[in-house]
Ligand code: HEM
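Right, dumping it as structure tokens:
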């Protein structure tokens with residue numbers, strides 16, 4: 280049976296850039312397309328956000344769309360929960376895919392993501408060092424389709440760079456028309472095992 284961590288129930292989260300939140304924003308870089316405004320802090324919450332924040336992005340966790348039973352088992356065998364005390368580095372990477380992606384059939388998208396690009400296989404190599412949570416935004420009419428969130432320890436920063444570099448060279452990334460990388464830090468004492 281796959282780990283329950285990979286069979287997420289829908290839960291709405293907000294990422295809000297302003298003066299509140301446990302994460303300090305280190306950098307905001309446009310990888311493809313327009314960037315987002317910089318701010319001192321990022322709040323990652325399922326509750327109320329600061330109405331005065333510079334920007335807020337929303338997305339919900341959901342069931343897997345493309346992952347097979349054996350892939351879920353592989354992912355579930357290397358649990359990497361959010362909120363680990365050692366994970367004082369994070370990245371929020373909002374991503375929008377092109378219309379050319381969204382007109383494809385589900386099986387063709389799975390073929391590009393998993394077979395041609397090896398996204399799930401590559402990603403699995405980085406567990407449990409890199410914890411991840413995928414949020415869906417497209418169905419909310421948000422500016423991005425996905426809000427991808429990663430947490431890791433400072434000693435795994437290079438590993439994370441390697442992971443994003445590898446994924447960005449895959450065929451899947453030809454369909455990415457907007458991507459922003461926001462890097463964050465927090466104090467170890469603020470981290471709580473969730
Ligand atoms: C720990 C490393 C990673 C693992 C284990 C991983 C695993 C996965 C899996 C299993 C899915 C498919 C979910 C489904 O079946 O619906 C997925 C989707 C996705 N991942 Fe990753 N991933 C990793 C790293 C990354 C990184 C670094 C990025 C961004 C730079 C990223 C961006 C995405 C996006 C945007 C999707 C949604 C794709 C779509 O539905 O079109 N992932 N990931």
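Residue numbers (the working numbering): 280 to 473.
Ideal Cβ positions, reconstructed from N, Cα and C, are used throughout, including at glycine.
Notebook entry, point to check: Under a Cβ-count criterion, where at least 16 other Cβ atoms within 10 Å of its own Cβ denotes burial, should residue 467 be classed as buried or exposed?
Noted result: Exposed, by the Cβ-count rule.
At 4 residues or longer, and completely inside the segment 304 to 388: list those alpha helix (DSSP H) runs for me, N to C.
List check, alpha helix (DSSP H) in window: 348 to 355 and 378 to 381.
Checklist line | Heavy atom of the ligand HEM within 7 Å of residue 414 beta-carbon | finding: Shortest gap from the CB of residue 414 to any heavy atom of the ligand HEM: 7 Å or more.
Measuring straight from C-alpha to C-alpha, what distance separates residue 296 and residue 433?
Separation of residue 296 and residue 433 (C-alpha to C-alpha, rounded to the nearest whole angstrom) is 22 Å.
Exercise. In this structure, does DSSP put residue 444 in helix, strand or coil?
Worked result: DSSP places residue 444 within a helical segment (H, G or I) once states are collapsed to three.
- Query: Among 387, 329 and 393, which one has its Cα closest to the Cα of residue 346?
  - Reply: Taking each of 387, 329 and 393 in turn and checking the Cα distance to residue 346, the smallest one comes out for 393.
Practice item. Please go through the same chain and pick out, in chain order, the residues whose beta-carbon is closer than 7 Å to the beta-carbon of residue 320, but skip the five residues on each side of it. Key: Same-chain partners within the cutoff: 297, 298, 299, 300, 302, 303 and 304.
message = Based on DSSP bridge pairs, tell me the residues matched to residue 459.
response = DSSP, once it has assigned bridges, lists 309 as partnering residue 459.
Return the Cβ separation of residue 416 and residue 361 in integer angstroms, given the expectation that the two are a contact with Cβ distance under 8 Å. Rounded to the nearest angstrom, the Cβ distance from residue 416 to residue 361 is 18 Å, too far for a contact under 8 Å.
Notebook entry, point to check: Candidates 407, 294, 373 and 376: which alpha carbon is nearest residue 365's?
Noted result: Residue 407 is the option with its Cα nearest to residue 365.
Legend entry - C-alpha distance - residue 292 paired with residue 453, whole-angstrom precision: The C-alpha of residue 292 lies about 27 Å from the C-alpha of residue 453.
- Can you check whether the CB of residue 312 is closer than 8 Å to the CB of residue 425? In this structure, residue 312 does not lie closer than 8 Å to residue 425 by Cβ.
Taking only runs that begin and end inside the segment 410 to 438, name each unbroken alpha helix (DSSP H) of 4 or more residues, in chain order.
List check, alpha helix (DSSP H) in window: nothing returned.
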